[in-house]
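Here is the structure we will look at.
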Amino acid sequence: MLAASVPAATAQPPSTGTQGTFGLGRAATTAEIEALDIDVRPDGWGLPPGRGNAADGARVWERTCRVCHGPEGKGGTAAPVVGRAPNGRPPTVGNFWPYATTLYDYINRAMPRNAPGTLTSDQVYGVVAWILVRNEIIPDDAEMNAETLPQVVMPARARFVPDDRRGGREVR
């Protein structure tokens, strides 16, 4: 009924040749784009300067991560990050995560859940080191930084292989 009361002229879609703006927002500056360009690739490209070890990470874990992941990282209200069960159940950093560098990326962008992106690079390197030590992947005294983190070989790396059965490069 309402559509019938609208004149036909106003119901027409806008012309595709129109070059107008909506008066909302503005174009992002180069500095704003660079500030958001924080992704880290599996080969380590994009890792920022900084460093941390498990002792540093333990302090951050107690203040920031424990509340959701539990005191030892074996689960709480959030998924466990520590565990090496060979069947991958439940999936953890120790039995499922293929690259230590992308662990850094995920924590840096998405954690803590209540304030994502608030940890410093040193804090993230420390938490990553703490998780890797708890999963018996690196020694207790190992320092993680942009040079050492890409060298970590994760136990589950071989679980992810290229698969082109559908005609494109995918991971299975």
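Mind the numbering: the sequence shown is residues 1401 to 1572 in the numbering used here, read in order.
By construction, the Cβ of each residue, glycine as well, lies at the ideal position given by its N, Cα and C atoms.
Every value quoted in this text rests on a predicted model; they were computed, and no experiment measured them.
Here the region 1506-1518 does not lie against the region 1549-1560, with fewer than 3 beta-carbon pairs under 8 angstroms apart.
Secondary structure of R1463 (DSSP, three-state): helix. Sixteen is the threshold: when 16 or more other Cβ atoms of the shown chains lie within 10 Å of the Cβ of I1538, as they do, the residue is buried. Contact between the region 1444-1462 and the region 1528-1542 is present: 3 or more CB-CB pairs across the two stretches fall below 8 angstroms. If you look at N1508, you'll find it in the alpha helix (DSSP H) that goes 1500-1510. Along the length of the region 1443-1490, whole alpha helix (DSSP H) runs at least 4 residues long occupy 1454-1460, 1466-1469, reported in chain order. Sixteen is the threshold: when 16 or more other Cβ atoms of the shown chains lie within 10 Å of the Cβ of D1505, as they do, the residue is buried.
For E1536, no alpha helix (DSSP H) run applies, since DSSP gives it neither H nor E. Per DSSP, the continuous alpha helix (DSSP H) segment holding E1434 begins and ends at 1430-1436.
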